[in-house]
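Residue numbers (my numbering): 3 to 420.
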């Protein structure tokens, strides 16, 4: 079964409301084995809704619609659907009584526009809204199913979870779709794809690999589709095992979780402690670490050494180092690591110093130049990176790379000669 999602509302088109409904519905449909082929957003105009319905019907068996079911004049979805399917709007007395009771319980006046919400297309199946006033509707015509629901996310989710998804499961023979994930850091999607190119080329029918990049990270998704759950899961384990052998060095988790979760596990298991010295990242690494509950077991703290003066006073960076090499240099981050190990009394340290931008760059050290070091009492590894022109991206990438360097040092896979 193929599906399309149609979101209705001017507020989505102009950015006043972010469409989170489509992402949530897409995930739920995928778990049922239903392929979402298209997502369409349109304004509150009948002719545009009709055009979008025709577009969706051309590629999908199931169309989910959200928005435009409220009581105001700009809510045109219900009337448009009635006209589209050639149905009359008929007052539903039971629904009107429920709506009156709803408003009475809240000591609110029941207006004519509220009564109009009980006017439904004759022939559509009513989908009760347990958390609001606008009901959903289920239409069937010419082997197509069209389901209309409120645009309010929690109302839509309640209708989907309690009525739509169970009905789809009961009435249709749907295939099995399962996913296996590899959460990676330190390599781009093309580099990862190259390492498993032969595995991807030899995938059996119904199986596929997708690369979902983020800032400094890539989520690799292996998908299996079939009619037998046990067969699909067995094949995913076989293929997934082969993928993991190639990507183990870069994979920090195969479960949903943050990058720092993997580091927290290793640090806590080995009884190590960590401190950070942040210049260009401005405490962002510390923020990510402390966002995870229980980080106090291994994380002692951070020194945000943004100025040279603080680098010298709190981290013992030599004035001569700063004068000769500058704050953004290998020598400086190495001394920052050494000072962190000493003053925070930790086993491991991460240090960052760079030109985050958009100002401050030079021909020798353009915006995006970052030095990152990780170390312990025995070894310190420092590496130079050239990231982007955007300040936010540079801060985030520097944080991800610093954490990834630490993870690999803990695993013993980081080149200690750098």
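Each residue gets a CB set at the ideal place from its N, CA and C atoms; glycine is no exception.
Beta bridge counterpart(s) of residue i as assigned by DSSP
i           : result
residue 146 : 143
residue 4   : 37
residue 92  : 122
residue 437 : The requested residue 437 is not part of the displayed model; the chain covers only 3 to 420.
residue 301 : 276
residue 387 : 372
residue 306 : 280
residue 180 : 226
residue 356 : 372
residue 151 : 68
residue 42  : 8
residue 129 : 138
Beta-carbon proximity check, residue i vs residue j, cutoff 7 Å
i           : j           : result
residue 433 : residue 281 : It is not possible to answer for residue 433, since the shown part of the chain is limited to 3 through 420.
residue 8   : residue 61  : no
residue 400 : residue 369 : no
residue 64  : residue 5   : yes
residue 382 : residue 330 : no
residue 181 : residue 223 : yes
residue 285 : residue 306 : yes
residue 414 : residue 287 : no
residue 346 : residue 302 : yes
residue 98  : residue 117 : yes
residue 2   : residue 86  : Not covered by the structure: residue 2. The range shown for the chain is 3 to 420.
residue 387 : residue 396 : no
residue 434 : residue 83  : There is no way to answer for residue 434, as the model of the chain reaches only from 3 to 420.
residue 31  : residue 38  : yes
residue 270 : residue 240 : no
residue 367 : residue 357 : yes
Rounded Cβ spacing between residue i and residue j (contact assumed at less than 8 Å)
i           : j           : result
residue 279 : residue 341 : 7 Å
residue 407 : residue 374 : 6 Å
residue 78  : residue 121 : About 13 Å; that fails the 8 Å criterion.
residue 391 : residue 365 : Not really, about 15 Å apart at Cβ, beyond 8 Å.
residue 228 : residue 208 : 5 Å
residue 139 : residue 152 : At roughly 11 Å, the Cβ-Cβ gap does not stay under 8 Å, so residue 139 and residue 152 are not in contact.
residue 35  : residue 147 : 15 Å between Cβ atoms; not a contact.
residue 217 : residue 402 : 6 Å
residue 135 : residue 104 : 6 Å
residue 23  : residue 155 : 6 Å
residue 225 : residue 210 : 5 Å
residue 126 : residue 89  : 7 Å
residue 94  : residue 129 : So it is not a contact: roughly 12 Å between Cβ atoms.
residue 348 : residue 275 : 4 Å
residue 232 : residue 213 : Going by Cβ atoms, the distance from residue 232 to residue 213 rounds to 28 Å, so no, they are not a contact pair.
residue 106 : residue 132 : About 17 Å separates the two Cβ atoms, so there is no contact after all.
Closer than 7 Å to chain E by CB, residue i
i           : result
residue 309 : Judged by its chain identifiers, the structure shown contains no chain E, having just a single protein chain.
Any non-hydrogen atom of the ligand NAP within 6 Å of residue i CB
i          : result
residue 77 : With respect to the ligand NAP, the structure shown offers nothing to examine, as it has no ligands at all.
Margin query: I'd like to know if the region 97–114 and the region 172–191 are in contact, where contact means that at least 3 CB-CB pairs between them fall below 8 Å.
Written below: no
Check: At a cut of 8 Å, does the region 188–200 reach the region 158–165 through at least three beta carbon pairs?
Finding: no
Next item on the list: Check whether the region 248–258 touches the region 177–195, taking contact to mean three or more Cβ pairs, one atom from each stretch, closer than 8 Å.
Entry: yes
Check: Enumerated in chain order, which unbroken segments of the beta strand (DSSP E) with a length of 3 residues or greater are wholly contained in the region 183–271?
Finding: 209–215, 219–228 and 253–255
Notebook entry, point to check: For the 8 Å Cβ check, are there 3 or more pairs between the region 311–330 and the region 283–300?
Noted result: no
Note to self: Check whether the region 326–337 and the region 349–364 touch, using three or more Cβ-Cβ pairs below 8 Å as the test.
What the structure shows: yes
Checklist line | Contact the region 39–50 vs the region 8–15: 3+ CB pairs below 8 Å | finding: yes
Next item on the list: Say whether the region 70–90 touches the region 29–46, bearing in mind that this needs 3 or more beta-carbon pairs closer than 8 Å, one atom from each stretch.
Entry: yes
Check: Do the region 262–281 and the region 241–252 make contact, defined as three or more Cβ pairs closer than 8 Å?
Finding: no
Item checked: Every unbroken alpha helix (DSSP H) within the region 47–117, with a cutoff of 4 residues, ordered by chain -> 48–59, 79–86, 95–107 and 114–117
Notebook entry, point to check: Which runs of the alpha helix (DSSP H) fall wholly inside the region 303–347 and span at least 4 residues, in chain order?
Noted result: 310–317, 321–327 and 332–345
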